[in-house]
Amino acid sequence: MAKLPGETTSIINSLKQQSLDIVEEAKALETKIFDLFGETEGTISYLDEMKGVADDAESSYSQLSTLQLYIAKSQPTAPRDMLELLSTAIARTQARIPAWERSIQEVKMEWNFL
Numbered sequence: 011m012a013k014l015p016g017e018t019t020s021i022i023n024s025l026k027q028q029s030l031d032i033v034e035e036a037k038a039l040e041t042k043i044f045d046l047f048g049e050t051e052g053t054i055s056y057l058d059e060m061k062g063v064a065d066d067a068e069s070s071y072s073q074l075s076t077l078q079l080y081i082a083k084s085q086p087t088a089p090r091d092m093l094e095l096l097s098t099a100i101a102r103t104q105a106r107i108p109a110w111e112r113s114i115q116e117v118k119m120e121w122n123f124l
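Take the position in the sequence shown, starting the count at 1, then add 10; the result is the number in our numbering.
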């Protein structure tokens, strides 16, 4: 089986956990806004934004998990293109996490949920 270096595995696991945390936080905020104010002209853009953040973070989580699994199952070594995809997925997720977190914080500030 192809084995990723320990540092790479740690980075992937950390990014997956951060992505999962963002999914949970964005969905919780979306639910809170909906439960308190409903789906109105004033809330729809915020509900959509939180849904988008959650969906994007979920996609990154899934992509990292899938690539990690495929690489682990590769024999005798992981294909170069798979490793390149993983590298791209890691870089993309690392770049997106601050934006997702910022979006959540901005919505919280807008609705005084801090």
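Each residue gets a CB set at the ideal place from its N, CA and C atoms; glycine is no exception.
What does the Cβ neighbour count give for residue i, buried or exposed, with the cut at 16 atoms within 10 Å?
i	result
residue 79	exposed
residue 54	exposed
residue 26	buried
residue 96	buried
residue 103	buried
residue 113	buried
According to DSSP, is residue i part of a helix, a strand, or is it coil?
i	result
residue 88	coil
residue 94	helix
residue 10	Absent from the structure is residue 10, since the part of the chain shown begins at 11 and ends at 124.
residue 51	coil
residue 44	helix
From residue i to residue j, what distance separates their C-alpha atoms?
i	j	result
residue 40	residue 106	19 Å
residue 100	residue 118	27 Å
residue 88	residue 18	14 Å
residue 83	residue 12	7 Å
residue 115	residue 123	9 Å
residue 71	residue 77	10 Å
residue 20	residue 14	10 Å
residue 73	residue 48	32 Å
residue 51	residue 22	39 Å
residue 42	residue 111	17 Å
Confirm the yes/no value for this check: CB of residue i, any heavy atom of the ligand PLP, distance under 7 Å.
i	result
residue 16	This structure does not include the ligand PLP; it has no bound ligands of any sort.
Q.
Contact between the segment 18-38 and the segment 63-74 is defined here as three or more beta-carbon pairs at a separation below 8 Å; is this criterion met?
A. yes
Q: May I ask you to verify whether the segment 44-60 touches the segment 77-97, counting CB pairs closer than 8 Å and requiring at least 3?
A: no
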